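One rule links them: number in our numbering = place in the sequence shown (from 1) + 1.
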Amino acid sequence: MTGKKVSVIGAGPAGLSAAWQLARRGHKVEVYDATDDLGGKLRKAIPRERLSDDTLDRDIDRIKTLSITFNLKKRVDRSLFMEIRAGSDAVVVATGAQVPRRLNIPGGERVLSGLRFLVDINEGNAMDLHGKEVVVVGAGNVGMDIACEAWRLGAKKVTAVDIQKPLAFGKELDMARKLGTEILWPKFIDHVDERRVHFTDGSALKADTVIASIGETPDTSHLPESVSVDEQGRVVSAEKSFQSTDPKVYACGDSLTAGLVTDAVGSGRLAAMQIHAVLTGRDFIFPEKRLVPKKRITTAYFGAESREIDRCMSCGTCILCDKCVEACPREALTRNGEIFTIDTVRCTGCYTCVNVCPRGAIQGEDMAELILEKAY
2 MTGKKVSVIG
12 AGPAGLSAAW
22 QLARRGHKVE
32 VYDATDDLGG
42 KLRKAIPRER
52 LSDDTLDRDI
62 DRIKTLSITF
72 NLKKRVDRSL
82 FMEIRAGSDA
92 VVVATGAQVP
102 RRLNIPGGER
112 VLSGLRFLVD
122 INEGNAMDLH
132 GKEVVVVGAG
142 NVGMDIACEA
152 WRLGAKKVTA
162 VDIQKPLAFG
172 KELDMARKLG
182 TEILWPKFID
192 HVDERRVHFT
202 DGSALKADTV
212 IASIGETPDT
222 SHLPESVSVD
232 EQGRVVSAEK
242 SFQSTDPKVY
252 ACGDSLTAGL
262 VTDAVGSGRL
272 AAMQIHAVLT
282 GRDFIFPEKR
292 LVPKKRITTA
302 YFGAESREID
312 RCMSCGTCIL
322 CDKCVEACPR
332 EALTRNGEIF
342 TIDTVRCTGC
352 YTCVNVCPRG
362 AIQGEDMAEL
372 ILEKAY
């Protein structure tokens, strides 16, 4: 153990990722969240058809195996934040973006929050849309989730509109369209009344229910003045850094930069790496993104295909094939379910596991650096 304590505010994908990485590096970690469960938007907003409770629970249960203290139903205000800061060597702000953006147009108060719509469904309070015509404002990935859920709730017609070419992934667009969703762009809304959405080009769509999916911004009311935020409410940090203007406070996920869930998880990991470096007196070098070298891919494991797309090797992704476990000459590598464990006493750093991995998913580290890290 390092003897250092790090507090994480927010138990969503970014906060849990940071907590996991920090605990693995020997720090005492304490997590705070205002809700009654772990997962943030993964738990509250993503449709269960896309992410089941069982799948999410399995990943969160892995995090719970570490010595992390979780404080649920604990909303952090500015006063509590300052108490937490005083009792911690570092604080991670990972509260995400929870404040829905509103349409600043006449009738905008008639438009429902897409985030609230999805949360209500997962909490068992879904609205009744049977026989109704629904207009979704915003054709990103979340907008397509809303459209699909509207169909499942009995909508008669669902139309998604956007001011630009839809940013949703092709798979998400296809899923919504297969259910019958019409997607229109570019469409600029002029106003909304009781029965229609009116556009600046003079056209209109009949709408019993209008749901906005135009993003959210962070709630920064709990942050002290020492932590600067920009006009969008995101914590200000230097380029390639997660440290705020308060040297003791770091940010990750949507609290720092808007992005996908995978971006939030990666952000939490990198923030933890920087905090670990600072708390152990080392320099933090922001890792550069790189492709897995072709020579690291063992193509002999893959059959020839007529099209390259059919021969995708999932480069850099572990598929639990166990070739590394079977090949280790000192039996230093074991697997229990989805969790791999390396016995650092047995491991000699021979790189057999790195070399045998078909997909280049295992990274090797200098053994001297690992020994130095254990000394801390």
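Just so it is clear, CB atoms sit at the ideal spot from N, CA and C, and this is done for glycine as well. What you are looking at is a predicted structure, and each value in this text was computed from that prediction instead of being measured.
Using only the alpha-carbon positions, how far apart do ARG154 and LEU180 sit? Strictly speaking, residue 154 in this sequence is Leu, with Arg absent from that position. Whole-angstrom Cα-Cα distance: 12 Å.
Thinking C-beta only, is ASP255 closer than 7 Å to ALA98? Yes. Within cutoff.
Could you tell me which whole alpha helix (DSSP H) segments of length 4 or greater appear in the segment 315-362? Taking only runs of at least 4 residues, the alpha helix (DSSP H) segments lying wholly in the segment 315-362 are 324-328, 353-357.
With the cut-off set at 7 Å, would you say ALA151 and LEU130 are in Cβ contact? The Cβ-Cβ distance between ALA151 and LEU130 falls below 7 Å.
Whole-angstrom distance between THR345 and ARG51, CA atom to CA atom: ARG51 and THR345: Cα-Cα distance of roughly 38 Å.
Using DSSP with H/G/I as helix, E/B as strand and the rest coil, what is ARG197? Of the three classes helix, strand and coil, the one that applies to ARG197 here is strand, per DSSP.
DSSP state of THR263, grouped into three classes? In this structure, THR263 counts as helix in the three-state DSSP scheme.
Report yes if the C-beta distance between HIS192 and GLY108 is below 7 Å; otherwise report no. Yes, Cβ-Cβ distance for HIS192 and GLY108 is below 7 Å.
Would ALA213 and VAL93 be called neighbours here (beta carbons separated by less than 7 Å)? In this structure, ALA213 keeps its C-beta atom at 7 Å or more from the C-beta atom of VAL93.
Keeping to the same chain, check which residues put their C-beta closer than 6 Å to that of ILE64; ignore five residues upstream and five downstream. Closer than 6 Å at the Cβ level, and outside the excluded window around ILE64, lie LEU17, TRP21.
Is DSSP giving ALA46 helix, strand or coil here? Correct three-state label for ALA46: coil.
Boundaries of the alpha helix (DSSP H) in which ASN72 is found, first to last residue: No alpha helix (DSSP H) holds ASN72; the beta strand (DSSP E) holding it covers 69-72.
Relative to the alpha-carbon of ASP121, which residue among ILE47, GLU332, LEU261 has its alpha-carbon at the smallest distance? Nearest C-alpha to ASP121: ILE47.
Counting pairs of beta carbons, one from the segment 239-259 and one from the segment 129-147, are three or more of them closer than 8 Å? Segment contact: the segment 239-259 against the segment 129-147, fewer than three CB-CB distances shorter than 8 Å; contact not assigned.
So, do the segment 326-334 and the segment 352-363 have three or more beta carbon pairs nearer to each other than 8 Å? Yes, the segment 326-334 is in contact with the segment 352-363.
Using three-state DSSP, classify THR218 as helix, strand or coil. For THR218, the three-state secondary structure derived from DSSP is strand.
Determine the burial state of MET274: buried for a count of at least 16 other Cβ atoms within 10 Å of its Cβ, exposed for fewer. So MET274 ends up on the buried side.
Tell me whether LEU23 sits in a helix, a strand or coil according to DSSP, three-state version. Taken through DSSP and simplified to helix, strand or coil, LEU23 comes out as helix.
Can you name the residues that DSSP bridges to HIS192? HIS199.
Closest by CA to LEU271, which one among GLN244, PRO330, VAL228? Taking LEU271 as reference, the option from GLN244, PRO330, VAL228 with the minimal CA-CA separation is GLN244.
Pull up the distance between the alpha-carbon of LYS133 and that of ILE69, whole angstroms please. Answer to the nearest angstrom: the Cα atoms are 46 Å apart.
Under the three-state reduction of DSSP, which class applies to HIS28: helix, strand or coil? Coil.
Along the chain, where does the beta strand (DSSP E) containing GLU134 start, and where does it finish? Membership of GLU134 in the beta strand (DSSP E) is indicated by the continuous run 134-138.
Rounded to a whole number of angstroms, what is the C-alpha to C-alpha distance between ASP34 and ILE85? The alpha-carbon separation between ASP34 and ILE85 amounts to approximately 13 Å.
For the segment 198-211 against the segment 75-85, are there 3 or more C-beta pairs whose distance is under 8 Å? The answer is no - the segment 75-85 does not touch the segment 198-211, with fewer than three Cβ pairs under 8 Å.
So, using beta-carbon positions, are VAL7 and VAL32 closer together than 7 Å? Their beta carbons are not under 7 Å apart, which means VAL7 does not touch VAL32 by this criterion.
Residue from VAL236, ARG25, CYS325, VAL266 whose Cα sits closest to the Cα of PRO219: Distances from the alpha-carbon of PRO219 to those of VAL236, ARG25, CYS325, VAL266 put VAL236 closest.
Range covered by the alpha helix (DSSP H) that runs through ILE64: Counting along the chain, the alpha helix (DSSP H) containing ILE64 begins and ends at 54-65.
Where do the ends of the beta strand (DSSP E) carrying VAL7 lie? That run of the beta strand (DSSP E) goes 6-10.
Are the beta-carbon atoms of CYS358 and CYS325 separated by less than 7 Å? Result yes, Cβ atoms of CYS358 and CYS325 sit closer than 7 Å.
Of the listed residues LYS166, ARG283, ARG25, nearest to TRP186 (C-alpha basis): Of the candidates LYS166, ARG283, ARG25, LYS166 places its Cα closest to the Cα of TRP186.
Classify LEU73: buried if its beta carbon has 16 or more other beta carbons within 10 angstroms, exposed otherwise. Under this definition LEU73 is an exposed residue.
For ASP37, which residues in the same chain have their Cβ closer than 6 Å to its Cβ, ignoring the five residues on either side in sequence? If we look at ASP37 and ignore the five residues flanking it on each side, its Cβ neighbours are LEU73, LYS74.
So what does DSSP say about ALA95, is it helix, strand or coil? Three-state DSSP puts ALA95 in coil, outside helix and strand.
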